[in-house]
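Heads up: the sequence shown begins at 1 in full-length UniProt numbering, then just goes up one per residue. Backbone N, C-alpha and C fix where the C-beta goes; we use that ideal spot for every residue, glycine too. Since this is a predicted model, take the numbers as computed values, not measurements. Read through the structure below, which is laid out as structure tokens, and then see the notes.
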Amino acid sequence: MSAETSVPRPRESDVDISDSALFKGMLSEAEFAFAFFDADSRIQRVNDVFSDVVNVPAERMVGRQPVEVLAADLSQIITHAVQAVIETDAPVTEGRVRVRSAEGDTRHWSLSFSPVHDDAGELRAIALVGLDVTESRQTEEALRRSEERYRSLVEAQSQLVWITSPTGAVVEDAPQWRAITGQGLEEYLANGWLEVVHPEERQQTEEAWREALRGRTMFEWNYRVRTRASGYRHFEVRAVPIIRHGRVVEWVGANTDVTPQREAEEMRGRLTDQLGAAALRTARLQGATAMLAEALTVEQVVQVIIDVGRTALAADRSAVALLDTDRAALKLINGEGILEASGATGDEIPLSHSNVMTMAVNSRRPVFAESPESLKAQLLEAGGDEEVLAGFLAHGDERAWVGLPLLAAGRALGALRFSFTRPQKISQEDGVFLEALAGQCALAVERATLFEREHRTAETLQRSLLPDRLPVVKGLVLAQRFRSGSRHVQVGGDWYDAFVLQDGRVAAVVGDVMGKGVKAAAGMGRIRNAMRALALTNPPPAAVLTGLDRVFEATEEEEQVTTLAYMVVEPVTGEGTLALAGHPPPVLVSPQGTAILCDAEPGTPLGWPTSRRQFRFVVPPGHTAVLYSDGLVENRKRGLDAGLAELCSVVTEAPPEVVSSPHMLLDFLVDRMLSGYEQDDDVTALAIHVPPATKSD
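Here it is, written out as structure tokens:
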């Protein structure tokens with residue numbers, strides 16, 4: 001082969017390709033794609049398979065260059081490969097090429113290009129051979145996904161997976177294990193895993209492993225492993241035999257690093273020993289008070305109490321119950337373990353049944369039982385059933401108990417219960433700490449109860465002020481979505497409304513009264529009612545906003561901020577007018593899924609001195625206009641401008657069936673815009689869709 005690398009002199013395009021029956025048969029019957037090119041990269045001959053792949057008739061391709069008849073990306077690949085063969089006089093393989101078939105599905109082809117020489121060794125043509133590798137590609141992709149899932153699952157569980165032969169010999173590498181222990185591959189394969197087990201546990205570990213091998217039973221064990229840093233970490237191991245046709249073919253095991261759990265247990269033990277220190281008790285009480293101050297709901301308060309029980313008290317189990325005075329019973333909010341009450345149904349514990357919690361509520365005093373004997377004596381004195389109590393103590397693992405009443409201004413709200421699986425000495429200082437903790441918990445429960453009550457009241461008020469249904473108008477489809485903020489956040493003043501005017505047009509509005517709670521919801525109701533009255537009297541948007549400014553100045557406080565978007569639209573034609581009062585602009589969605597933000601002047605919030613303007617805003621047939629509150633596009637992590645840009649981007653991702661349905665479109669926008677963000681505000685959206693014109697229209 002010549003080493004000359006310069007581009008050879010262009011050959012004549014009339015390449016003499018054999019027309020023998022054998023050659024023709026090969027081209028027509030083969031499952032491969034064939035094509036021949038001359039030295040000028042012109043197509044000289046193709047078979048039917050190649051023609052089907054590129055979706056171009058053979059007669060249109062012969063005599064032309066690829067760029068003239070093939071798709072841009074495919075023609076570029078073929079042209080570069082043919083030129084490379086001409087320049088190097090050597091075969092070229094183009095790995096895998098994606099081609100879209102006439103049916104619309106994507107196929108993968110492997111293309112190879114080879115020089116064709118005449119008897120004198122001169123380059124006469126370049127032959128392309130294509131092989132459909134779609135199935136192998138799909139098989140490889142499925143295998144790759146399977147391996148990735150398995151690897152991700154193992155990594156997510158922080159487990160070290162290993163495999164041995166039926167006799168227990170290590171046969172495969174375990175890189176994660178060697179990374180932790182610092183062993184080499186040969187050392188590990190030579191039964192090296194046992195060498196890094198702690199000397200005090202090595203013999204027992206080996207005997208247990210051999211016993212599992214002999215019995216073909218699951219191997220479960222705990223041992224310490226020497227790490228690369230010469231320290232030891234605790235591992236739990238579980239291995240199972242893989243049995244096929246009655247024979248063990250291999251063992252698969254997984255080691256889990258449980259050092260953090262072991263260290264946490266040891267830490268808890270050390271902290272328990274330090275509970276007598278007054279400074280530590282004070283710090284823990286301060287920490288509990290801080291966490292309780294941040295808890296808004298009863299559920300959050302209960303979780304803080306459980307966490308405090310586990311950390312500050314080193315309790316093994318915790319329970320919280322609230323008092324139902326009407327039923328003279330404690331309602332169990334959470335419970336860990338078995339309560340020593342009999343006759344209780346479900347989560348309700350009558351005050352007449354004696355246990356640690358009912359004793360604390362009935363006496364309004366803490367109950368300390370440092371041992372089973374102490375608990376038995378106190379419950380029997382309170383009228384407990386001796387037989388039931390004996391059964392509880394015999395089958396339970398609890399050995400010490402604390403019951404604390406939750407008191408607010410002398411009124412019982414409920415009780416706390418902490419239990420320990422070991423005898424617990426309760427000193428006088430411990431008693432003071434526990435009573436102070438119960439007092440802070442009672443205040444938090446009372447505050448959370450009031451908060452939830454206000455939250456429910458505000459939410460009920462807000463929803464009662466929103467329309468039960470949207471009007472049904474021929475030539476117009478209306479849809480709405482309202483999603484309240486997180487249940488741990490007070491309800492705000494978002495609202496929407498739509499109603500038919502006297503001239504048959506439809507008025508649509510989305511507004512937002514800034515603020516939270518009942519005050520914001522009440523303000524929303526006043527503005528909404530005033531807007532309806534003004535719109536039914538004098539519907540032009542500019543006139544309605546001007547009237548609302550006067551109403552706002554007369555009824556609302558100066559610091560109150562209210563924004564809204566108000567439009568009037570003609571059914572069938574979609575002709576309309578729009579006015580904004582400091583509100584985000586509507587977005588117009590076309591039938592093709594493009595989004596256009598209205599460029600109307602945003603204006604100022606209600607009550608600010610300004611000359612209100614209205615703008616022509618048309619919703620052409622087949623289009624949908626979406627009005628929304630700022631909760632859809634703005635949050636703590638996303639500014640308004642970024643949110644508006646993201647909204648337009650999300651619209652373009654909507655499938656055609658979603659774009660054509662205003663209900664599906666709102667669901668799609670709300671779900672996608674809130675995905676990945678914590679909802680910290682109400683979200684309100686109103687869609688105005690003008691159906692496309694039909695022949696019957």
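Run through DSSP, which three-state label would residue i get?
i: Thr684; result: strand
i: Gln159; result: strand
i: Asn529; result: helix
i: Thr106; result: strand
i: residue 755; result: For residue 755 there is no data in the structure shown, the boundaries of the chain being 1 and 697.
i: Val237; result: strand
i: Leu114; result: Note on residue identity: the sequence assigns Ser, not Leu, to residue 114. Residue state, collapsed to three classes: strand.
i: Pro350; result: strand
i: Ser75; result: helix
i: Phe499; result: strand
i: Gln203; result: helix
i: Ser318; result: strand
i: Leu332; result: strand
i: Val15; result: Model confidence at Val15 stands at a pLDDT of 47, short of 50, so the residue's coordinates are unreliable; what they give is reported in the following sentence. DSSP places Val15 in coil when its eight states are reduced to three.
i: Val171; result: coil
i: Ser136; result: helix
i: Glu250; result: strand
i: Ala120; result: coil
If the criterion is Cβ atoms closer than 8 Å, does the pair residue i and residue j meet it?
i: Ala369; j: Ala400; result: yes
i: Leu597; j: Val589; result: no
i: Ser427; j: Asp682; result: no
i: Leu465; j: Gln480; result: no
i: Ile163; j: Val240; result: no
i: Ala627; j: Val551; result: For the record, residue 627 in the displayed sequence is Leu; it is not Ala. No, Cβ-Cβ distance for Leu627 and Val551 is not below 8 Å.
i: Leu665; j: Val659; result: yes
i: Asp494; j: Ser352; result: no
i: Pro539; j: Ala507; result: yes
i: Arg238; j: Val225; result: no
i: Arg178; j: Tyr188; result: yes
i: Ala542; j: Gln614; result: yes
i: Arg505; j: Val544; result: no
i: Ala254; j: Ala288; result: no
i: Val302; j: Leu292; result: no
What does a CB cutoff of less than 6 Å around residue i pick up in its chain, not counting 5 residues either side in sequence?
i: His689; result: Val477, Thr624, Pro662
i: Leu332; result: Ala321, Asp347
i: Phe482; result: Thr684
i: Ser514; result: It should be noted that the sequence gives Met, not Ser, for residue 514. Hits under 6 Å: Val561.
Taking the alpha carbon of residue i as the reference point, which residue from the options has its own alpha carbon closest?
i: Val129; options: Val62, Thr93, Asp119; result: Thr93
i: Ala530; options: Gly309, Thr555, Ala542; result: Thr555
i: Leu606; options: Ala595, Gly582, Leu627; result: Gly582
i: Ala319; options: Ala329, Asp326, Ile306; result: Ile306
i: Ile527; options: Thr563, Ala507, Ala542; result: Thr563
i: Gly403; options: Ala409, Leu437, Arg417, Gly396; result: Arg417
i: Phe37; options: Asn362, Arg469, Val62; result: Val62
i: Glu220; options: Glu446, Glu207, Arg226, Asp494; result: Glu207
i: His395; options: Pro372, Gly384, Leu380; result: Pro372
i: Gly622; options: Val572, Trp608, Ala90, Gln176; result: Val572
i: His455; options: Asp385, Thr652, Leu296; result: Leu296
i: Val633; options: Val619, Val670, Phe113, Gly603; result: Val670
i: Ser101; options: Arg60, Asp52, Glu141; result: Asp52
i: Pro366; options: Ala288, Glu435, Gln502, Thr134; result: Glu435
i: Phe113; options: Ile78, Ala535, Val432, Gly184; result: Ile78
i: Ala169; options: Gly192, Leu647, Arg616; result: Gly192
i: Leu380; options: Gly576, Leu160, Glu646, Asn355; result: Asn355
i: Glu570; options: Val500, Arg262, Ala415, Thr289; result: Val500
i: Val473; options: Ala442, Ala520, Gly574; result: Gly574
i: Val593; options: Cys648, Gly643, Ala377; result: It is worth fixing the name first, because residue 593 is Gly in this sequence and not Val. Residue Cys648 is the option with its Cα nearest to Gly593.
i: Ala127; options: Glu68, Glu195, Glu140, Ala39; result: Ala39
Excluding five sequence neighbours on each side, which residues of the same chain lie with their C-beta closer than 8 Å to the C-beta of residue i?
i: Leu74; result: Val54, Pro66, Val97, Val99
i: residue 699; result: Here the chain comprises residues numbered 1 to 697, so residue 699 is not present and cannot be evaluated.
i: Arg216; result: Pro241, Ile243, Val248
Identify, in the order they occur along the chain, each residue of the same chain with its Cβ nearer than 7 Å to the Cβ of residue i, setting aside the five sequence neighbours on each side.
i: residue 736; result: Here the chain comprises residues numbered 1 to 697, so residue 736 is not present and cannot be evaluated.
Please tell me whether residue i has its Cβ less than 8 Å away from any Cβ of chain B.
i: Phe392; result: No chain B is present in this structure, which holds just one protein chain.
Is residue i near the ligand ADP, in the sense that its beta carbon is under 7 Å from a heavy atom of that ligand?
i: Gln83; result: Among the ligands in the structure shown, none appear at all, so the ligand ADP cannot be discussed.
(request) Would you list, in sequence order, the uninterrupted beta strand (DSSP E) runs of no fewer than 3 residues that lie entirely inside the segment 367-416? (result) 367-369, 400-408
(request) Can you check the segment 626-672 for any alpha helix (DSSP H) of at least 4 residues that lies completely inside it and give the ranges in chain order? (result) 640-652, 656-659
(request) Can you check the segment 207-233 for any beta strand (DSSP E) of at least 3 residues that lies completely inside it and give the ranges in chain order? (result) 219-226
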